[in-house]
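Here the structure is laid out as structure tokens; the discussion comes afterwards.
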Amino acid sequence: MLYIVTALKSEAQAFVEKYSLKQEKLGKYKIFKNKNIILIIGGIGVYSARLATQTLINQFDITDDDIYLNVGICGADRSFEIGELIEIGSIVYEEQNYEINRRISHKIYCSDEEVSTDNHTLVDMESFGFYDAVVHSTAIKKSFIFKVVSDHFEPETITKDMTKSLLFNKIDDINKIIFR
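Here is the structure:
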């Protein structure tokens with residue numbers, strides 16, 4: 006099973022449309038699923054991502070073949086192109102570095118609020134929450150964090166349609182990496 010955690014409905018819509026996922030309720034969450042995928046919309050922020058991810062972990066039996074995926078948009082400096090897919094190798098949160106995969110060089114800074122200055126190369130608001138839930142589950146063997154660059158620290162320029170389109174255009178690329 007592929008378990009996907011997004012923050013926003015517009016991020017989720019790309020997967021819902023691509024895979025014809027059907028909506029259900031899981032506690033306070035909207036989940037979308039088919040026989041191979043369960044997607045949860047967790048909401049914005051570290052706490053929301055942690056809680057949504059933990060809800061999936063608690064609700065469903067984990068097998069060695071299961072993959073946990075956090076995917077969404079991020080802000081980035083101008084060395085990255087809008088629409089660029091980034092696999093995250095480490096996260097900096099509250100000035101501590103958390104390594105996910107040492108073979109992946111991209112480091113993301115997880116912030117508790119929107120960032121409109123380019124003090125960092127990549128910034129999101131959920132990656133650490135997802136990581137924190139997954140890393141504490143010994144049953145999860147495969148997890149990934151992918152971000153698609155949505156803006157150059159101009160969060161006011163992001164639209165729902167743009168977010169959905171950016172992610173939709175990268176689903177096949179994500180699949181090539183996680184299912185290799």
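The opening position of the sequence shown corresponds to residue 6 in the numbering used here, with each subsequent residue numbered one higher.
C-beta atoms are modelled at their ideal positions from N, C-alpha and C, and glycine is treated no differently.
- Shown here, N174 sits in coil according to DSSP, grouped into three states, outside any helix or strand.
- When only Cα atoms are considered, E119 and S132 end up about 14 Å apart.
- With 16 or more other CB atoms across the displayed protein chains lying within 10 angstroms of its CB, F85 is buried.
- Boundaries of the alpha helix (DSSP H) around G134: S132 to V140.
- Distance check between E104 and each of S148, Y34 and C79 places S148 closest, using alpha-carbon atoms only.
- Taking every protein chain shown into account, the CB of E16 has 16 or more other CB atoms within 10 angstroms, so this residue is buried.
- Per DSSP, L13 lies in no beta strand (DSSP E) and is assigned neither H nor E.
- Under the criterion of beta carbons closer than 8 Å, D82 and T122 do not qualify as touching, at roughly 10 Å.
- For I72, the enclosing beta strand (DSSP E) stretches over residues I72 to A81.
- CA-CA distance, I96 to K27, rounds to 32 Å.
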